[in-house]
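In our numbering, the protein residues as written are 4 to 299.
Positions of the beta carbon are idealized from the N, C-alpha and C atoms, including for glycine.
A quick note: this is a predicted structure, and the numbers were derived from the prediction, not measured.
Contents: one structure, followed by commentary.
Have a look at this one:
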């Protein structure tokens, strides 16, 4: 099931290629969802809500997606973790689909320790603009598969990890780069990637059952119609189970927590963005997130 957060409020179930059903009234009428409930509320109650959601989606009038405004599926996640250097790379062309540039020289465990946090205020939704912060360097986009946690959990083994996953969405890990960062590129990661609007998210969440293998998806990023990134998630070094398991041992994971699973390309292969640019970030089996770029 593809579930969207409507703007300014409400829950939508995406049907077909270009339609959506507002299921809010059907769920609140029977007390299954609180008035003003969000997708995080849906996650917390999904065992009870899954079947009513399907019935509501099948039995209600749909609307064209072009007439509906969507918000970020999790506008203020409790936590937004981001993996670093998590693709094989070692290629110079997009056709090999494993990421471009030199591979990391860190071990798999060291890469897990390089995971970092972005503030929840970085999140924006479909149709919004990433704002280039004045005086903080140039702006670059990074497409990533985003894991959405669906239950409160702690200390999961790799084998248990997928039980905590509610579904998947698309995230752009926006990054500011420039000479002012000096030698602290890794140490300043949370700052360079933490500005407001630096985590476009969406367009909706696809539930885990719809994505049988998250390590077999194609990702594409286009800017103004030109392809800028292309990769397959099978090229991840630490996969979804490894990331979820590791982070569950760092902290308690909660419904609505997000894990961005890594950017395929080394920064040397990324192209700077400018005001007025339009980004189209698409992941197979999920959908396409479209956002713009604006000056501060």
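Cβ shell of residue 41 (< 7 Å), same chain only, five flanking positions each side left out: 8
Three-state secondary structure assigned by DSSP to residue 172: strand
Same chain, Cβ closer than 7 Å to residue 95, neighbours up to 5 away in sequence not counted: 103
C-alpha distance - residue 233 paired with residue 32, whole-angstrom precision: For residue 233 and residue 32, the distance between alpha carbons rounds to 44 Å.
Nearest-angstrom Cα separation, counted from residue 119 out to residue 262: 10 Å
With 16 other Cβ atoms within 10 Å as the buried cut-off, status of residue 159: buried
Sub-8 Å separation of residue 224 and residue 144 beta-carbons: Going by C-beta atoms, residue 224 is nearer than 8 Å to residue 144.
Where residue 288 falls: helix, strand or coil (DSSP): coil
Limits of the beta strand (DSSP E) - the one that residue 263 falls within: Residues 261-263.
Separation of residue 101 from residue 219, as counted between CA atoms: 12 Å
Integer Cβ distance of residue 259 from residue 77, believed to fall under 8 Å: 5 Å
Three-state class that DSSP yields for residue 66 in the structure shown: Strand.
Cβ pair count under 8 Å reaching 3, the stretch 240-251 against the stretch 53-69: no
Residue 214 - containing beta strand (DSSP E), residue span: Counting along the chain, residue 214 falls outside any beta strand (DSSP E), and DSSP gives it neither H nor E.
Span of the alpha helix (DSSP H) around residue 193: 192-195
Spatial neighbours of residue 217 in its chain, beta-carbon cut-off 7 Å, leaving aside the 5 residues before and after: 148, 171, 236 and 243
CA-to-CA distance, residue 124 to residue 2, given in whole angstroms: Examination of residue 2 is not possible in this model, given that the chain is present from 4 through 299 alone.
Under the three-state DSSP convention, the category residue 37 falls into: coil
Cutoff 6 Å; reference residue 250; Cβ partners in own chain excluding five residues on either side: 84
Same chain, Cβ closer than 6 Å to residue 267, five either side skipped, listed in chain order: 90, 102 and 234
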